[in-house]
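One structure below.
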Amino acid sequence: MASLSDSLWHRNRVLVEAALEHPFVQGIASGELARATFAYYVGQDAAFLDAFCRAYALALAKSPDQYGLIAFWELLNAAADELRLHQGYATRWDVDLQQAADPATSAYTNFLLAVAALEPVGHIAAATTPCMRLYAYLGQQLAAQTKPESAYREWVMTYSSAQFEALARRLEVLLDRYGGDHDRLAVLYHQAMELELRFFDAASRWERP
Numbered sequence: 003m004a005s006l007s008d009s010l011w012h013r014n015r016v017l018v019e020a021a022l023e024h025p026f027v028q029g030i031a032s033g034e035l036a037r038a039t040f041a042y043y044v045g046q047d048a049a050f051l052d053a054f055c056r057a058y059a060l061a062l063a064k065s066p067d068q069y070g071l072i073a074f075w076e077l078l079n080a081a082a083d084e085l086r087l088h089q090g091y092a093t094r095w096d097v098d099l100q101q102a103a104d105p106a107t108s109a110y111t112n113f114l115l116a117v118a119a120l121e122p123v124g125h126i127a128a129a130t131t132p133c134m135r136l137y138a139y140l141g142q143q144l145a146a147q148t149k150p151e152s153a154y155r156e157w158v159m160t161y162s163s164a165q166f167e168a169l170a171r172r173l174e175v176l177l178d179r180y181g182g183d184h185d186r187l188a189v190l191y192h193q194a195m196e197l198e199l200r201f202f203d204a205a206s207r208w209e210r211p
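Numbering (the numbering used here), first residue to last: 3 to 211.
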């Protein structure tokens with residue numbers, strides 16, 4: 003029998019494949035994505051990661067046992083490391099990490115923070131797992147396509163790594179462990195996956211002022 007996390011992932015495969023085939027993601031794979039577009043995405047992703055860290059912190063505070071306490075602490079530290087990676091991009095790519103959040107970013111961060119503030123741990127896991135599992139999947143799919151000299155190789159290698167896969171799996175274990183109302187979990191997981199696509203859409207549509 004499939005686990006809860008596996009079931010939710012497979013129920014959202016249409017959105018997953020849409021993300022893989024998205025022009026933004028394929029532009030990273032080919033190396034043809036405009037650098038200004040990627041720089042804009044990094045700035046927006048930094049704002050998203052700030053909210054993601056806060057969601058983890060609230061999940062940590064709400065954890066009913068030491069397992070969750072330790073696991074969410076490790077996930078929070080990893081997300082903070084990812085923010086530091088973005089700071090490295092900012093230096094090399096002239097990224098403004100203080101740029102205002104666009105509507106897609108605001109919709110996603112507001113969703114995460116509302117769930118984290120108002121709902122139980124299992125529901126927070128359902129809202130955060132899609133990002134982790136999707137990025138692990140995208141990284142693994144793109145790794146073989148991305149040339150060593152690509153400007154986006156570091157991004158792909160980060161998300162295709164065994165370390166990132168372990169983090170995604172850790173969060174799925176937390177989702178399976180704590181669960182919650184199954185109908186609500188399905189709604190949260192699906193909504194987060196839709197917001198991932200909107201995030202890529204916004205980056206693709208951005209035009210330099």
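All residues carry an ideal CB built from backbone N, CA and C; glycine is no exception.
Between the region 176-192 and the region 112-127 there are three or more inter-stretch CB-CB distances shorter than 8 Å, so the stretches are counted as touching. Here the alpha carbons of R37 and L62 stand approximately 36 Å from one another.
Setting aside the 5 residues that flank it on each side, A118 is surrounded in the same chain by A57, L60 and I126, each with a C-beta closer than 6 Å to its C-beta; the list follows chain order. For the set N79, L173, G182 and C133, the Cα lying nearest the Cα of F202 is the one of C133. Annotated three-state conformation of V97 is coil, per DSSP. An exposed status is given to D83, since fewer than 16 other beta-carbon atoms sit within 10 Å of its beta-carbon. For W11, the uninterrupted alpha helix (DSSP H) segment begins and ends at L6 to R13.
Residue H192 holds the alpha-carbon nearest to the alpha-carbon of Y110 among H192, Q89 and L187. The DSSP-derived three-state label of K149 is coil.
Cβ neighbours of L140 within its own chain (closer than 8 Å, five residues either side excluded): A21, L22, V27 and Y161.
If you ignore the 5 residues before and after E167, its C-beta comes within less than 7 Å of the C-beta of A138, all in its own chain and listed in chain order. Check the Cα spacing between Y154 and each of I72, L136, A116 and L87: the tightest is with L87. Straight-line measurement puts the Cα of A103 at about 14 Å from the Cα of A41.
When the beta-carbon positions are compared, A145 and V158 come within less than 8 Å of each other. Here M3 carries a coil assignment [DSSP, helix/strand/coil]. If only complete runs of 4 or more residues are kept, the region 131-201 shows the alpha helix (DSSP H) at 155-162 and 164-180, in order along the chain.
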